[in-house]
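**Q** Before I ask anything, let me first share the structure, which is written out below as structure tokens.
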Amino acid sequence: MAPRTNQKNRTREALLSAARELMSEGENVTLARVAERAKTGRATVYRYFSDPNVLALDATLDIEVTPTAGLLEGLEDVRSRVHAVARYYLDFSREHEAYFRQFLAESLKASLQDGTVKMRGARRVIAFGEALEPVRRSMKRSDYEDLTLRLAMTTGMEQFVILEDILRVDQQKGYRLQEGLVDALLDQYLPNV
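Residue numbering for the sequence shown follows the numbering used here, beginning at 4 and increasing consecutively.
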């Protein structure tokens with residue numbers, strides 16, 4: 004992952020951490036308070052979260068994410084590692100459907116108000132990067148980055164909405180469809196894995 008992306012992720016995590024601290028203390032989450040707690044400027048907070056409701060929702064969801072290392076524990080095979088991440092984020096979306104739907108609604112509302120789309124967590128991108136770590140050095144950098152991004156497109160709340168609201172498939176068929184997409188990507192980029 005590019006150094007700039009890593010810095011953005013660290014800044015974003017610092018802002019989420021500050022929001023969680025405020026919530027745990029029973030304080031209201033405002034952009035000014037988060038900036039103060041994270042020891043950064045209000046403009047920085049605003050670049051990532053223009054709406055304190057979106058920030059609070061994202062901070063709440065971020066608390067419950069299982070660390071990728073835990074998802075990958077004991078899995079050596081890259082294909083198994085990638086499938087574990089894909090399934091986890093689809094199941095996570097299902098388990099926290101109400102929060103995610105509210106988060107998506109608030110995110111969309113905030114982007115309509117100021118015309119920009121704010122950076123979201125990119126947790127899936129990071130998790131797939133970790134799942135692919137055993138083969139990263141054997142891949143061209145551009146292929147590694149493309150595969151990571153494409154895998155991130157196979158899971159999460161957006162895919163859950165497609166499976167549930169648009170395709171109207173049951174959970175097992177959803178898993179099967181997702182697995183097929185993931186395997187097709189792995190076959191394209193890593194045919195020997």
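Glycine included, every Cβ here is placed at the ideal spot set by N, Cα and C.
Rounded to whole angstroms, what is the Cα-Cα separation between L34 and G132?
**A** The residue given as residue 34 occupies position 31 in the sequence shown. The residue given as residue 132 occupies position 129 in the sequence shown. The alpha-carbon atoms of L34 and G132 are separated by roughly 31 Å.
**Q** When the Cβ atoms of the segment 146-154 are set against those of the segment 96-108, are three or more pairs found closer than 8 Å?
**A** With the cut-off at 8 Å, the segment 146-154 and the segment 96-108 do not touch.
**Q** Ordered along the chain, which non-local residues of its own chain (more than five positions away) have a Cβ less than 6 Å from that of Y91?
**A** Reading the sequence shown from its first residue, position 88 is the one you call residue 91. Result list for Y91: L74, in chain order.
**Q** Along the chain, where does the alpha helix (DSSP H) that runs through A130 open and close?
**A** By one-based count along the sequence shown, residue 130 stands at place 127. Element bounds for A130: 126-134.
**Q** For the structure I just gave you, are there three or more beta carbon pairs, one from the segment 40-49 and one from the segment 14-24, closer than 8 Å?
**A** The segment 40-49 is in contact with the segment 14-24.
**Q** Could you give the distance in angstroms between the alpha-carbon of R36 and the alpha-carbon of R179?
**A** Translated into the one-based positions of the sequence shown, residue 36 becomes position 33. Translated into the one-based positions of the sequence shown, residue 179 becomes position 176. Roughly 45 Å separates the two Cα atoms.
**Q** Rounded to whole angstroms, what is the Cα-Cα separation between F106 and E76?
**A** As a first step, residue 106 is located in the sequence shown; it is residue number 103 there, counting from the start. As a first step, residue 76 is located in the sequence shown; it is residue number 73 there, counting from the start. So the alpha carbons of these two residues sit roughly 29 Å apart.
**Q** Which first and last residues belong to the alpha helix (DSSP H) in which G159 is found?
**A** Counting from one through the sequence shown, the residue named residue 159 turns up at place 156. G159 -> no alpha helix (DSSP H), and no H or E assigned at all.
**Q** By Cβ distance, which residues of its chain are closer than 8 Å to A87, with the 5 residues on each side in sequence left out?
**A** Within the sequence shown, the letter at position 84 stands for residue 87. Taken in chain order, the residues that qualify are L74, L75, L78, A134.
**Q** Measuring straight from C-alpha to C-alpha, what distance separates T157 and E136?
**A** One-based indexing of the sequence shown puts residue 157 at position 154. One-based indexing of the sequence shown puts residue 136 at position 133. Distance between the alpha carbons of T157 and E136: 19 Å.
**Q** Are the CB atoms of A155 and R127 within a distance shorter than 8 Å?
**A** As a working note, residue 127 is residue 124 in the sequence shown. As a working note, residue 155 is residue 152 in the sequence shown. Cβ atoms of R127 and A155: closer than 8 Å.
**Q** L25 by DSSP, collapsed to three states: which one?
**A** Taking the sequence shown and counting its residues from 1, the one referred to as residue 25 is at position 22. It is helical.
**Q** How should G159 be labelled, buried or exposed, when 16 other C-beta atoms within 10 angstroms of its C-beta is the threshold for buried?
**A** Your numbering for residue 159 matches position 156 in the sequence shown. The residue is buried, with at least 16 neighbouring Cβ atoms inside 10 Å.
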